[in-house]
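> Protein chains in written order, with our numbering: chain D, 9 to 342; chain S, 48 to 597. For each residue, glycine too, the CB sits at the ideal point set by N, CA and C. Here it is, the structure, as structure tokens.
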Amino acid sequence: MGRYILRRSLQAVGTLFLVVFVLHLLTTFAIQLNGNPALAFFGDRVPSASQVAAVEARFGLDDPCFDQVGNPCLGPFAERLAGYAQGDFGTNLRGREVTDIVATAAPNTLKLFAVVTVTWLVMGMFLGSMAARWRGRPADHGIRMTSVLIDAFPIFVLLLVYRYVFSVPLSEWARSTFGSDSLPAQLFRPSFDADHAWASVLVPGLLLGLAGSAAFIRLVRASQLESYAGEHVRTARSKGLHERHVLLHHVVRNSSVPVVTAVGLTFTEALAGAVITEGMMNIYGMGGVLWEAVRGSDIGLVIGVVTILAIVTVVVMIVVDVAYAALDPRIRYE
Amino acid sequence: MGRWTVVTATTATMTLVLAGCSGGGGDEDDGGGGGGEGATVNLSLGQDVETLLPMDSNVGDNISVLDVVYDGLVRYDPETTEPYNYVAESVESSDNTVWTIKIKPDLTFQNGEPVDANAFARAWNYAAYGPNAMANNYFFERVAGYDEMQGETDDDGNVVEEPAAQELSGLKVVDDLTLEVTLIGPFAGFATMLGYTGFFPIAQECLDDIEACSVKPIGNGPFQVSEWNQGQNLTASLWEGYTLDEAPTTYDTIEWTEYAGESSWPDFQAGVLDLGSPPPAEQAAAESDPDLQERYLEGPGAALTYLAFPLYKDGPWTDIEFRKAISMAIDRQGIIDALLPGQRVPADSWVVPDGVPGGEAGTCEWCTFDADAAKAALEKAGGWPEGETLTIHLGQDETEEQLFKAVGDSIQQVLGIPYTLDPTPDFFANRSDRAFTGAFRSNWFPDYPLNENYLAPVYASGDAENGNTNFGYYGEEFEAAIKAGDEAPTLEEAVTRYQEAEAALATDFPTVPLVFSVNSYYYSERLSNVVLDPFSGEPKLRILEVSDAM
Numbered sequence: 009m010g011r012y013i014l015r016r017s018l019q020a021v022g023t024l025f026l027v028v029f030v031l032h033l034l035t036t037f038a039i040q041l042n043g044n045p046a047l048a049f050f051g052d053r054v055p056s057a058s059q060v061a062a063v064e065a066r067f068g069l070d071d072p073c074f075d076q077v078g079n080p081c082l083g084p085f086a087e088r089l090a091g092y093a094q095g096d097f098g099t100n101l102r103g104r105e106v107t108d109i110v111a112t113a114a115p116n117t118l119k120l121f122a123v124v125t126v127t128w129l130v131m132g133m134f135l136g137s138m139a140a141r142w143r144g145r146p147a148d149h150g151i152r153m154t155s156v157l158i159d160a161f162p163i164f165v166l167l168l169v170y171r172y173v174f175s176v177p178l179s180e181w182a183r184s185t186f187g188s189d190s191l192p193a194q195l196f197r198p199s200f201d202a203d204h205a206w207a208s209v210l211v212p213g214l215l216l217g218l219a220g221s222a223a224f225i226r227l228v229r230a231s232q233l234e235s236y237a238g239e240h241v242r243t244a245r246s247k248g249l250h251e252r253h254v255l256l257h258h259v260v261r262n263s264s265v266p267v268v269t270a271v272g273l274t275f276t277e278a279l280a281g282a283v284i285t286e287g288m289m290n291i292y293g294m295g296g297v298l299w300e301a302v303r304g305s306d307i308g309l310v311i312g313v314v315t316i317l318a319i320v321t322v323v324v325m326i327v328v329d330v331a332y333a334a335l336d337p338r339i340r341y342e
Numbered sequence: 048m049g050r051w052t053v054v055t056a057t058t059a060t061m062t063l064v065l066a067g068c069s070g071g072g073g074d075e076d077d078g079g080g081g082g083g084e085g086a087t088v089n090l091s092l093g094q095d096v097e098t099l100l101p102m103d104s105n106v107g108d109n110i111s112v113l114d115v116v117y118d119g120l121v122r123y124d125p126e127t128t129e130p131y132n133y134v135a136e137s138v139e140s141s142d143n144t145v146w147t148i149k150i151k152p153d154l155t156f157q158n159g160e161p162v163d164a165n166a167f168a169r170a171w172n173y174a175a176y177g178p179n180a181m182a183n184n185y186f187f188e189r190v191a192g193y194d195e196m197q198g199e200t201d202d203d204g205n206v207v208e209e210p211a212a213q214e215l216s217g218l219k220v221v222d223d224l225t226l227e228v229t230l231i232g233p234f235a236g237f238a239t240m241l242g243y244t245g246f247f248p249i250a251q252e253c254l255d256d257i258e259a260c261s262v263k264p265i266g267n268g269p270f271q272v273s274e275w276n277q278g279q280n281l282t283a284s285l286w287e288g289y290t291l292d293e294a295p296t297t298y299d300t301i302e303w304t305e306y307a308g309e310s311s312w313p314d315f316q317a318g319v320l321d322l323g324s325p326p327p328a329e330q331a332a333a334e335s336d337p338d339l340q341e342r343y344l345e346g347p348g349a350a351l352t353y354l355a356f357p358l359y360k361d362g363p364w365t366d367i368e369f370r371k372a373i374s375m376a377i378d379r380q381g382i383i384d385a386l387l388p389g390q391r392v393p394a395d396s397w398v399v400p401d402g403v404p405g406g407e408a409g410t411c412e413w414c415t416f417d418a419d420a421a422k423a424a425l426e427k428a429g430g431w432p433e434g435e436t437l438t439i440h441l442g443q444d445e446t447e448e449q450l451f452k453a454v455g456d457s458i459q460q461v462l463g464i465p466y467t468l469d470p471t472p473d474f475f476a477n478r479s480d481r482a483f484t485g486a487f488r489s490n491w492f493p494d495y496p497l498n499e500n501y502l503a504p505v506y507a508s509g510d511a512e513n514g515n516t517n518f519g520y521y522g523e524e525f526e527a528a529i530k531a532g533d534e535a536p537t538l539e540e541a542v543t544r545y546q547e548a549e550a551a552l553a554t555d556f557p558t559v560p561l562v563f564s565v566n567s568y569y570y571s572e573r574l575s576n577v578v579l580d581p582f583s584g585e586p587k588l589r590i591l592e593v594s595d596a597m
């Protein structure tokens with residue numbers, strides 16, 4: 009196991025290097041082709057050459073390679089890597105530490121994702137297990153039908169309807185009934201409130217979780233059906249084990265491997281990809297930060313954030329692989 | 048049995064979530080409260096606020112925060128935008144070149160340091176020093192010694208020579224409360240500029256740690272920033288040591304929530320925010336709500352959108368008749384009604400009427416829609432070259448693309464000139480490289496409330512051969528009138544001279560004014576005495592009142 013983790017970690021370092029390098033190339037070319045973000049600093053005014061030069065220096069774009077299309081700018085790349093190696097992820101264009109930005113944004117995204125994951129797991133395990141348990145019965149048909157319906161509603165529709173139709177009257181009612189700082193008032197706030205992060209992230213999280221749960225329900229149902237038909241379950245039953253024991257230890261546990269994989273994969277996706285939910289509910293999270301950074305050609309921020317995301321992804325993938333072994337005794341790593 | 052696990056899991060989650068909520072809610076003070084002591088005003092703020100350093104703040108959002116955190120030498124009348132002395136005892140000059148600023152005695156920063164001549168000098172020198180790359184650097188271009196503080200660059204933009212000076216030679220601290228400023232030439236509007244964010248003073252402690260000061264300012268105004276979670280929210284509370292008189296009496300805390308884009312409207316509707324303006328899609332619904340209409344304020348905005356031409360390049364646009372034809376072919380009111388009802392007004396002048404001293408409506412003779420006159424003017428100009436397409440260059444902005452598509456349609460419909468839009472992220476670079484091959488969108492938002500600011504920075508260059516960078520325009524009469532204004536003995540007379548400059552511009556007609564912005568806000572039932580600053584368009588927070596009713 010130890011050797012396996014070591015090997016995976018070495019692979020991870022190589023992957024990270026590649027990710028950072030490719031990103032560096034892409035953002036460098038974007039600046040060379042799209043023009044200098046330093047000019048946007050001046051808006052509609054015409055800056056003098058020395059003013060532009062000063063802002064370029066401040067933004068860390070004063071290396072002449074940024075003006076030469078096709079130049080891979082290896083000098084700035086080496087400097088950046090050296091910084092990363094020392095844990096210095098640099099700053100955004102206006103001098104705010106990337107780690108500070110991530111430290112503010114990531115907890116919000118993680119809170120959102122915690123609610124989403126719990127919703128997925130609860131919906132997926134509960135409805136999926138029910139559908140598998142009563143296969144072919146009305147409950148099964150109903151649940152499968154529901155999962156198709158859920159799939160048909162994109163998340164932005166759910167959020168739009170919630171935000172513009174439900175949240176305003178609900179929140180007004182809650183504020184006048186329970187007071188403006190009460191829990192219900194925070195729950196139905198039309199947008200995120202950093203002072204009440206958990207409360208204001210709950211409803212959007214539930215909606216986002218609901219929207220993504222359809223695939224989970226079907227996944228759980230399919231893998232449990234396979235377990236029900238498995239020989240180990242038949243053996244367990246024939247040994248006279250109690251049905252609850254069979255279900256928990258032989259069906260649910262054995263069908264959890266694909267579920268863990270899916271959670272692991274979607275975790276990393278959600279960390280960067282909740283752009284729509286974050287944008288609509290005004291949650292200051294990783295998706296929104298990345299979105300704005302790309303729009304503003306903020307190379308330092310884009311690469312810094314993506315590198316941090318890539319590190320998290322790689323770590324989560326290793327954790328998921330290790331979790332397999334815990335769930336399925338047949339899986340062993342050497 | 049499967050149900051058992053699920054129920055346990057659900058209960059656990061709910062407990063966890065509820066614990067999280069009450070934990071978050073418990074330490075919060077009374078956010079919505081009543082008026083008087085302890086009342087809070089809840090406002091929205093753009094998420095792109097990066098700094099609260101006065102020398103580096105030049106977007107609407109950080110300016111409106113700094114307006115209550117810092118006091119400037121002068122402040123502007125909320126009705127007329129005319130400047131009056133505030134931190135300054137007097138601002139005087141006999142020749143408009145050497146200005147003597149006397150500062151009121153016994154004023155301090157929020158950390159106890161004195162607000163004296165040095166406090167201004169250190170801020171201005173820091174801003175003017177090129178390598179600091181401050182957003183408000185250019186405001187000091189008129190002060191003697193500015194050029195020596197900028198580095199020299201070669202054609203590729205590489206610094207070849209470091210600045211020779213670290214301080215403005217035109218800035219002299221005469222005594223603790225007297226500052227003498229020498230300009231490179233006479234400028235009657237200098238006192239007007241002094242109320243702008245870029246001229247605020249800073250404490251020595253701020254200069255010693257600029258980074259800390261840019262997120263937690265040490266101001267001299269009525270409010271003190273108590274907390275800023277960058278990207279999320281900003282709280283400021285009344286500073287007890289404030290000795291001047293412009294401070295609110297009915298509330299003591301302002302909480303700004305930061306929003307990305309225009310997403311704050313539902314929060315206003317729900318009563319979370321005290322001020323709001325609807326996104327275009329919600330505009331009609333808001334207008335048809337009688338309750339909301341009672342709490343609506345509207346006033347002219349200061350931002351001008353206009354159409355410019357590459358006068359530095361040969362083309363039909365070098366003929367004034369052609370420019371007149373284009374201008375008269377644009378149905379400004381029709382376009383606004385169709386696209387942005389209530390959010391813009393047609394422009395028929397280069398300086399916003401009533402928004403700043405000297406602004407007058409109707410200075411543009413050819414800015415009204417007249418299809419027949421437009422066709423006649425085009426004919427006089429020799430028509431549009433057969434088979435050519437008029438390109439309209441602009442930046443990438445959804446609203447502007449819609450607006451200029453409508454402008455193009457209007458031109459095409461009336462004059463039969465085919466057009467194409469060129470929205471590009473390189474807009475600013477292309478403009479300074481003079482790379483445009485057709486008409487292009489232009490915006491101007493003035494930096495200080497004086498009609499001169501709509502004219503000189505945009506059109507004057509003193510370069511008769513090449514004209515100004517953006518359009519290649521040069522007008523002798525225009526330049527002379529601007530110069531006469533700069534040298535005028537009083538501000539009133541200067542304003543009149545600048546009006547003559549606008550008239551000269553109207554005769555030369557280098558650009559086509561299209562629309563002015565409109566300032567509007569809805570406000571909550573708790574607020575009264577809501578006054579929009581005609582210049583910035585933001586509510587004047589210092590005179591705002593919060594009532595107990597909630």
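Compare the C-alpha of S/Asp-417 against each of S/Trp-397, S/Arg-379 and S/Asp-384 and name the closest.
For the purposes of this step, residue 417 of chain S is identified with residue 370 of the second sequence, where counting begins at 1. It is S/Arg-379.
> Rounding to the nearest angstrom, what Cα-Cα distance links S/Leu-344 and S/Tyr-506 in this structure?
Locating residue 344 of chain S in the second sequence gives position 297, counting from the first residue. Locating residue 506 of chain S in the second sequence gives position 459, counting from the first residue. Using only the alpha carbons, I get a separation of about 33 Å.
> Give the C-beta separation of S/Val-272 and S/Val-116 to the nearest angstrom, bearing in mind that I take them to be a contact with Cβ-Cβ under 8 Å.
Indexing the second sequence from 1 puts residue 272 of chain S at position 225. Indexing the second sequence from 1 puts residue 116 of chain S at position 69. Their Cβ separation, rounded to whole angstroms, is 6 Å, which keeps S/Val-272 and S/Val-116 in contact under 8 Å.
> Counting only the same chain and skipping the five closest in sequence on each side, list residues whose C-beta sits under 8 Å from that of S/Trp-286.
What you label residue 286 of chain S is simply residue 239 of the second sequence in a count that begins at 1. Within the same chain, S/Trp-286 has close Cβ partners Gln-157, Gly-266, Gly-268, Pro-269, Phe-270 and Gln-271.
> Shortest alpha-carbon distance to S/Glu-534 belongs to which of S/Tyr-176, S/Gly-232 and S/His-440?
Counting from one through the second sequence, the residue named residue 534 of chain S turns up at place 487. Looking at the Cα atoms, S/Gly-232 is the closest of the given residues.
> Using beta carbons (cut-off 7 Å, strictly below), is S/Glu-97 in contact with chain D?
Along the second sequence, read from residue 1 onward, the residue named residue 97 of chain S stands at position 50. With 7 Å as the cut-off, S/Glu-97 counts as an interface residue toward chain D.
> With a CB to CB cut of under 6 Å and the five nearest residues on each side skipped, what residues in its chain are close to S/Met-375?
In the second sequence, counting from the first residue as 1, residue 375 of chain S sits at position 328. For S/Met-375, where only same-chain residues beyond five positions count, the Cβ hits under 6 Å are Trp-413, Asp-417, Ala-420 and Ala-421.
> Is the Cβ of D/Tyr-170 closer than 7 Å to any Cβ of chain S?
Start at 1 with the first residue of the first sequence, and residue 170 of chain D comes out as number 162. No, no contact with chain S.
> Count the other CB atoms, across all protein chains shown, that sit within 10 Å of the CB of S/Asn-326; report buried if there are 16 or more and exposed otherwise.
In the second sequence, residue 326 of chain S corresponds to position 279, counting from 1. Before going further, note that residue 326 of chain S is Pro rather than Asn in the sequence given. So S/Pro-326 counts as exposed.
> Give me the Cα-Cα distance between S/Ala-541 and S/Phe-451, rounded to the nearest whole angstrom.
For the purposes of this step, residue 541 of chain S is taken as residue 494 along the second sequence, with counting starting at 1. For the purposes of this step, residue 451 of chain S is taken as residue 404 along the second sequence, with counting starting at 1. Roughly 35 Å separates the two Cα atoms.
> Got a sec? Which residues, its chain only, sit under 8 Å from S/Gln-197 by beta carbon, not counting five neighbours each side?
The count along the second sequence starts at 1 and reaches residue 197 of chain S at position 150. These residues qualify, in order along the chain: Gly-177 and Pro-210.
> Is the distance from the Cβ of D/Met-294 to the Cβ of D/Thr-117 below 7 Å?
In the first sequence, residue 294 of chain D corresponds to position 286, counting from 1. In the first sequence, residue 117 of chain D corresponds to position 109, counting from 1. Yes, the pair counts as a contact, with Cβ atoms nearer than the cut-off.
> Less than 7 Å between the beta carbons of S/Tyr-570 and S/Leu-322, yes or no?
The residue you call residue 570 of chain S lines up with position 523 of the second sequence. The residue you call residue 322 of chain S lines up with position 275 of the second sequence. Yes, Cβ-Cβ distance for S/Tyr-570 and S/Leu-322 is below 7 Å.
> Could you say if the region 159–174 of chain S and the region 222–230 of chain S meet the contact criterion of at least three C-beta pairs nearer than 8 Å?
A contact exists between the region 159–174 of chain S and the region 222–230 of chain S.
> Note down, in chain order, every chain D residue with its Cβ under 8 Å from the Cβ of S/Asp-555.
Within the second sequence, numbered from 1, the residue matching residue 555 of chain S stands at position 508. Correct list: empty, because the minimum Cβ distance to chain D is about 19 Å.
> Under the assumption that D/Ala-199 contacts S/Asp-314 (Cβ atoms under 8 Å), give the Cβ distance between them as a whole number of angstroms.
Position 191 of the first sequence, counting from 1, holds the residue named residue 199 of chain D. Position 267 of the second sequence, counting from 1, holds the residue named residue 314 of chain S. The amino acid occupying residue 199 of chain D in the given sequence is Ser; Ala does not appear at that position. Right, their Cβ atoms sit about 5 Å apart.
> Answer with buried or exposed for D/Ala-237, where buried requires no fewer than 16 other C-beta atoms within 10 angstroms of its C-beta.
Locating residue 237 of chain D in the first sequence gives position 229, counting from the first residue. Label assigned to D/Ala-237: exposed.
> Specify the secondary structure class of S/Trp-303 as computed by DSSP and reduced to three states.
Sequence index remark: in the second sequence, residue 303 of chain S carries index 256 (1-based). Note: S/Trp-303 maps to strand in three-state DSSP.
> Out of S/Glu-426, S/Val-319 and S/Val-392, which has the shortest C-alpha to C-alpha gap to S/Ile-367?
Numbered from its first residue, the second sequence carries residue 367 of chain S at position 320. Considering only alpha carbons, the answer is S/Glu-426.
> So that I know if they touch, is there some Cβ in chain S lying closer than 7 Å to that of D/Leu-335?
Counted from its first residue, the first sequence places residue 335 of chain D at position 327. No, D/Leu-335 does not count as interfacial toward chain S.
> Determine the burial state of D/Thr-321: buried for a count of at least 16 other Cβ atoms within 10 Å of its Cβ, exposed for fewer.
Position 313 of the first sequence holds residue 321 of chain D. When all chains shown are included, D/Thr-321 counts as buried.
> Return the residue from the list S/Pro-125, S/Phe-563, S/Glu-433 and S/Phe-487 that minimises the CA-CA distance to S/Val-399.
Position 352 of the second sequence holds residue 399 of chain S. Checked all of S/Pro-125, S/Phe-563, S/Glu-433 and S/Phe-487; the closest Cα to S/Val-399 is S/Phe-563.
> Is S/Glu-539 helix, strand or coil when you go by DSSP?
By 1-based counting over the second sequence, the position of residue 539 of chain S is 492. In the structure shown, S/Glu-539 sits in a helix (DSSP, three-state: H, G or I).
> Helix, strand or coil for S/Trp-312? Go by DSSP, reduced to three states.
Start at 1 with the first residue of the second sequence, and residue 312 of chain S comes out as number 265. S/Trp-312 falls in the helix class under three-state DSSP.
> Going by beta carbon distance, what residues of the same chain come within less than 7 Å of D/Phe-161, once the five residues before and after it are set aside?
What you label residue 161 of chain D is simply residue 153 of the first sequence in a count that begins at 1. For D/Phe-161, where only same-chain residues beyond five positions count, the Cβ hits under 7 Å are Ala-219.
> Which same chain residues, not among the five before or five after S/Gly-73, have their C-beta less than 6 Å away from its C-beta?
Within the second sequence, numbered from 1, the residue matching residue 73 of chain S stands at position 26. Low per-residue confidence applies at S/Gly-73: pLDDT is 34, beneath 50, and the placement is therefore not dependable, though the value from the model is reported in the following sentence. Same-chain partners within the cutoff: there are none.
> Say whether the region 92–104 of chain S touches the region 549–566 of chain S, bearing in mind that this needs 3 or more beta-carbon pairs closer than 8 Å, one atom from each stretch.
Short answer: they don't touch.
> Determine whether the Cβ of S/Asn-500 lies closer than 7 Å to any Cβ atom of chain D.
By one-based count along the second sequence, residue 500 of chain S stands at place 453. It does not; no Cβ of chain D falls within 7 Å.
> So, for S/Ser-216: in the same chain, excluding its five sequence neighbours on each side, which residues have a beta-carbon less than 6 Å away from its beta-carbon?
Taking the second sequence and counting its residues from 1, one reaches residue 216 of chain S at position 169. Hits under 6 Å: Ala-191 and Gly-192.
> Nearest by alpha-carbon distance to S/Glu-524: which of S/Ala-238, S/Pro-496 and S/Thr-554 is it?
In the second sequence, the residue the question calls residue 524 of chain S occupies position 477. Checking every option, the nearest Cα to that of S/Glu-524 belongs to S/Thr-554.
> Pair every Cβ in the region 94–114 of chain D with every Cβ in the region 311–321 of chain D, then say whether three or more of these pairs are closer than 8 Å.
Segments in contact, yes.
> With distances taken from CA atoms, which of S/Glu-592, S/Lys-587 and S/Leu-588 is nearest S/Ser-575?
Here residue 575 of chain S refers to the residue found at position 528 when the second sequence is read from its first residue. Taking only the C-alpha atoms, the option nearest S/Ser-575 is S/Glu-592.
> With a threshold of 8 Å, are at least 3 pairs of Cβ atoms found where one atom belongs to the region 214–230 of chain D and the other to the region 239–256 of chain D?
Too few Cβ pairs lie closer than 8 Å, so no.
> Take the Cβ of S/Pro-586 as the centre, count every other Cβ of all protein chains shown within 10 Å, and call the residue buried at 16 or more, exposed below.
The count along the second sequence starts at 1 and reaches residue 586 of chain S at position 539. Per the 10 Å Cβ criterion, buried.
> Of the residues S/Met-181, S/Asp-469, S/Trp-364 and S/Leu-588, which one's Cα is nearest the Cα of S/Pro-602?
Nothing about residue 602 of chain S can be read from this structure; chain S reaches only from 48 to 597.
> Tell me whether the region 125–135 of chain S and the region 98–112 of chain S touch, counting them as touching only if at least three CB pairs, one residue from each stretch, are closer than 8 Å.
Cβ pair count under 8 Å is below three, so no.
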